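Novice: Position one of the sequence shown corresponds to residue 4 (this note's numbering), numbered consecutively onward.
One structure follows; several queries about it will come next.
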Amino acid sequence: MTERHTGEPIVRLAARVVLLHADGAVLLQLHDRPHEPHWACPGGGIEPGEDPRAAARRELAEETGRDDLPGDELWHWRHRFRFADGLVTQHETYYLARTTALDLPRSLADPADGIVLRAWKRPEQIRRLTEPVWPPNLADLIDQLG
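Spelled out as structure tokens, the structure:
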């Protein structure tokens, strides 16, 4: 969800889940709209009054059909990008969820989300992706999780 304040940039709060498999791979999604193509962890906008961890769990379920419980808060990332309704400053909170299951739904999320592909990627694979990865240092951050 974006909020526009008269005369100020759009500020968007978001929550994401670093779904970490026991083999060190993390679930990423390739987005092709409504902004530039990029890979990111599942997640999205926090609704007004919604707890960020609850938003991360809701977004994970909406986008992947999975109900993994986000645990520890990992990090925050602030960045700017062009969204459908203008330039956005997004404040993201990331949560860790560990899993031993590699299953993914057969169908993609709402086409409006622009998700065109999901894949489990290890840090060395993330470093070789040709599209941008959000956040850019995601592979290094995952390496630190162990």
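No residue lacks a Cβ here, since even glycine has one placed at the ideal position from N, Cα and C.
Model, not experiment: these values are computed from the prediction.
1. For G98 and G74, which I take to be in contact (beta-carbon distance under 8 angstroms), what is that distance rounded to the nearest angstrom?
2. Since A64 and W123 should fall inside the 8 angstroms C-beta cutoff, what is the C-beta to C-beta distance between them, to a whole number of angstroms?
3. Please state the DSSP three-state secondary structure of I49.
4. Among A104, V119 and H24, whose alpha-carbon lies nearest the alpha-carbon of W42?
5. Along the chain, where does the beta strand (DSSP E) containing L23 start, and where does it finish?
6. I need the boundaries of the alpha helix (DSSP H) containing R60, first residue and last residue.
7. Pull up the distance between the alpha-carbon of A17 and that of P45, whole angstroms please.
Specialist: With the given structure in hand:
1. In the sequence on display, residue 98 carries Tyr and not Gly. Confirmed, Cβ separation roughly 6 angstroms.
2. Contact doesn't hold; Cβ gap of about 18 angstroms is too wide.
3. coil
4. Minimum Cα distance to W42 is reached at V119.
5. Following the DSSP letters along the chain, one finds L23 inside the beta strand (DSSP E) bounded by residues I13 to H24.
6. P55 to T67
7. 11 angstroms
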